[in-house]
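Peer 1: One structure, as structure tokens, below. Some questions next.
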Amino acid sequence: MNHYLLRPHLTFIQDLKEPYPLGMRFGLLQTKLGIYTLIRKYKVIPAEETPKRLNFLPSTLVTSTDQPIQLIIQPRND
-16 MNHYLLRPHL
-6 TFIQDLKEPY
4 PLGMRFGLLQ
14 TKLGIYTLIR
24 KYKVIPAEET
34 PKRLNFLPST
44 LVTSTDQPIQ
54 LIIQPRND
């Protein structure tokens, strides 16, 4: 017998082509929406102290620079 007929109606079946579980997809969506909201409501401008050329540290697990990146966040007047 077909095993698709035995499962309850509207049962979630994860698409095996996608590498991310459902919780990771929601987390990624929440992060993208947060960045979108920030960019939509505010202007993000590099401060004078921010270097023009960034040097990345190769030995860190998370991408980071050798100098801090300082930003000015101003509300949009649109």
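Per this note's numbering, the sequence shown starts with residue -16, numbered consecutively. The C-beta atom is built at its ideal place from N, Cα and C for all residues, glycine as well.
From the DSSP output, read off the bridge partner residues of Thr48.
Peer 2: Its beta-bridge partners are Phe39.
Peer 1: Smallest Cα separation from Asn60: which of Lys26, Ala30 and Lys35?
Peer 2: Ranking the options by Cα distance to Asn60, first place goes to Lys26.
Peer 1: So, using beta-carbon positions, are Ile28 and Gln57 closer together than 9 Å?
Peer 2: Taking 9 Å as the Cβ cut-off, Ile28 and Gln57 qualify as a contacting pair.
Peer 1: Going by alpha carbons, who is nearest to Glu32 out of Leu5, Ile55, Arg8 and Pro4?
Peer 2: Comparing Cα positions, the closest option is Ile55.
Peer 1: Thr46 and Asn38 - do their beta-carbons sit closer together than 9 Å?
Peer 2: Contact flag unset, no.
Peer 1: Alpha carbon to alpha carbon, how far is Pro4 from Lys15?
Peer 2: Whole-angstrom Cα-Cα distance: 17 Å.
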